[in-house]
Amino acid sequence: MKKKIIISIYEPPMCCSTGICGPSPDTKLMDLQDAIKRLEKEFPDVQINRYSMNFNPKDFMQNQEVFAKVQAEKTNALPIITINNEIVKEKDYLSYDEFVEEVSKRL
Numbered sequence: 024m025k026k027k028i029i030i031s032i033y034e035p036p037m038c039c040s041t042g043i044c045g046p047s048p049d050t051k052l053m054d055l056q057d058a059i060k061r062l063e064k065e066f067p068d069v070q071i072n073r074y075s076m077n078f079n080p081k082d083f084m085q086n087q088e089v090f091a092k093v094q095a096e097k098t099n100a101l102p103i104i105t106i107n108n109e110i111v112k113e114k115d116y117l118s119y120d121e122f123v124e125e126v127s128k129r130l
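For the sequence shown, this note's numbering assigns the number 24 to the initial residue and increments by one for each residue that follows.
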């Protein structure tokens, strides 16, 4: 039986997750979108969830470690990335290669 891997990305408030809204596109968010698409193709059993503080506040509260960090550091703690509820990165997004490394450790 394969291990279930759930990646959760807790993000600061923003108008959209793509990074292409507004006057200057956010290249980090565009890279993240590309990484997610590649991961979904290459690791179909991996579930990826994105939670924006302004649209999914309850999801932030459900992970006690994430919630504590946000209470202490406010949006400065974000983004926070967890894999199976374990924080693997804070204050920045993982690159595609970092995602693959983290997923591979857990397979």
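Beta carbons: idealized from backbone N, C-alpha and C, even for Gly. Computed from a predicted structure; not experimentally measured.
- Here I103 has Y33, V89, K92, I110 and E113 as same chain residues with Cβ atoms under 7 Å from its own Cβ, once five neighbours each way along the sequence are excluded.
- L101 is positioned such that its CB atom lies closer than 8 Å to that of M76.
- For Y119, the enclosing alpha helix (DSSP H) starts and ends at Y119 to R129.
- Going by DSSP, T105 is part of the beta strand (DSSP E) stretching over I103 to I106.
- CA-to-CA, the gap between E65 and P46 works out to about 33 Å.
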